[in-house]
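Residue numbers (the numbering used here): 48 to 237.
Note sheet for the following structure.
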Amino acid sequence: MPEQLDVLVICGSLRKGSYNAALARMLPQWAPASMALRPAASFASFPIYNADLQTTNGFPDEVNAWAEAIRRADGVIVVSPEYNWSIPGGLKNAIDWVSRMKEQPFKDKPVALQSAAGGILGGSRAQYHLRQSLTSIDAILFGRPEVIVTFAPQKFDEKTLELKDAAAIDLIKQQLAGFDKLIRRHSPKA
Ligand SMILES: Cc1cc2nc3c(=O)[nH]c(=O)nc-3n(C[C@H](O)[C@H](O)[C@H](O)COP(=O)(O)O)c2cc1C
Numbered sequence: 048m049p050e051q052l053d054v055l056v057i058c059g060s061l062r063k064g065s066y067n068a069a070l071a072r073m074l075p076q077w078a079p080a081s082m083a084l085r086p087a088a089s090f091a092s093f094p095i096y097n098a099d100l101q102t103t104n105g106f107p108d109e110v111n112a113w114a115e116a117i118r119r120a121d122g123v124i125v126v127s128p129e130y131n132w133s134i135p136g137g138l139k140n141a142i143d144w145v146s147r148m149k150e151q152p153f154k155d156k157p158v159a160l161q162s163a164a165g166g167i168l169g170g171s172r173a174q175y176h177l178r179q180s181l182t183s184i185d186a187i188l189f190g191r192p193e194v195i196v197t198f199a200p201q202k203f204d205e206k207t208l209e210l211k212d213a214a215a216i217d218l219i220k221q222q223l224a225g226f227d228k229l230i231r232r233h234s235p236k237a
């Protein structure tokens, strides 16, 4: 029996009623039994990256903790909306902080991407920008299937925020199963 994988889920939205946060919360029920998912801490309190801050004070404790959670994980899933056709600033800021670390947590880390957004492209542009930024810091990006939830308000229950779209759920299951395989191909621990 292979050991159970430990996968960290990072949400790119800080909003209480976030569709992406709702999606992130629902993932465990669609993951294979061989994969355990745990939510990452919020990056809401991270200061805006400034190299002078880093030089003067080092990395803030909460940034160190966020990085360590990524290091400990066998893989990472980023679930994020797109803001103005790109990565939400808070999430990009968090990635920028940890990218400056000597023991850079995304190096050789398998990462899968998911997005939900109000528009016709469902956050795909944020995904492609994340793909670009995370590749620049040596993450291993999962390819297909992509999970892109378009027109999010129509796909989530208005009251419970449950994802109701069967096609999206099917793709999510396929992605999580494929991600499990990708991690095992790359992880020395698995
Ligand atoms: C600053 C900002 C920029 C946005 N830009 C886009 C966009 O480029 N494409 C899109 O589909 N939706 C865009 N939206 C709408 C979001 O998709 C929508 O608010 C979505 O619910 C955000 O995700 P969340 O529910 O996880 O917070 C934007 C929203 C905000 C607040």
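C-beta atoms are modelled at their ideal positions from N, C-alpha and C, and glycine is treated no differently.
The model shown is predicted, which means the values in this text are computed figures rather than measured ones.
Leaving out five residues on either side along the sequence, give the residues of the same chain with a beta carbon under 7 Å from the beta carbon of residue 186. Excluding residues within five positions, the ones whose Cβ falls inside 7 Å are 153, 156 and 158.
Counting Cβ pairs closer than 8 Å, one from the stretch 124 to 133 and one from the stretch 56 to 71, do we hit at least three? Of all C-beta pairs linking the stretch 124 to 133 to the stretch 56 to 71, three or more are shorter than 8 Å, placing the two stretches in contact.
For residue 99 and residue 160, the rounded distance between their alpha carbons: Computed Cα separation, rounded: 31 Å.
Cβ neighbour criterion (16 or more within 10 Å) applied to residue 201: Looking at its Cβ environment, which holds fewer than 16 other Cβ atoms inside 10 Å, residue 201 is exposed.
When we look at the beta-carbon of residue 113 and count the other beta-carbons within 10 Å, is it buried (16 or more) or exposed? With 16 or more other Cβ atoms within 10 Å, it is buried.
Kindly list the residues whose CB is nearer than 7 Å to the CB of residue 203, restricted to its own chain and excluding five residues on each side of it in sequence; keep chain order. Cβ-Cβ distances below 7 Å link residue 203 to 66, 69, 209, 210 and 211 in the same chain, with the five nearest sequence neighbours on each side left out; the list follows chain order.
Under the DSSP definition of a beta bridge, which residues are partnered with residue 55? Bridge partners of residue 55: 85 and 123.
Given a cut-off of 8 Å on the beta-carbon distance, is the pair residue 197 and residue 168 in contact? Between residue 197 and residue 168, the CB-CB gap stays under 8 Å.
Thinking C-alpha only, which one of 131, 137 and 177 is nearest residue 165? Comparing Cα positions, the closest option is 131.
Give me the Cβ distance between residue 137 and residue 90, rounded to the nearest whole Å; I'm assuming they're in contact under 8 Å. The pair is a contact, with the Cβ atoms about 6 Å apart (cut-off 8 Å).
By alpha-carbon positions, which one of 214, 182 and 145 ends up nearest to residue 93? If we check each option's Cα against that of residue 93, 145 comes out closest.
For the putative contact between residue 170 and residue 129, defined by C-beta atoms under 8 Å, what is the C-beta separation to the nearest angstrom? About 4 Å; that satisfies the 8 Å criterion.
Taking only heavy atoms of ligand 1 into account, decide whether any of them is closer than 7 Å to the Cβ of residue 225. Placement of the Cβ of residue 225 at a distance of 7 Å or more from every heavy atom of ligand 1 is found.
If I measure Cβ to Cβ from residue 88 and keep anything under 8 Å in the same chain, skipping five residues before and after, which residues do I get? Close CB contacts of residue 88 within its chain, under the 8 Å cut and outside five residues either way in sequence, are with 109, 112, 113 and 116 (chain order).
Any residue whose CB is nearer than 5 Å to a heavy atom belonging to ligand 1, listed in chain order: So the residues near ligand 1 by this Cβ test are 60, 62, 65, 66, 67, 128, 129, 130, 131, 132, 164, 165 and 166.
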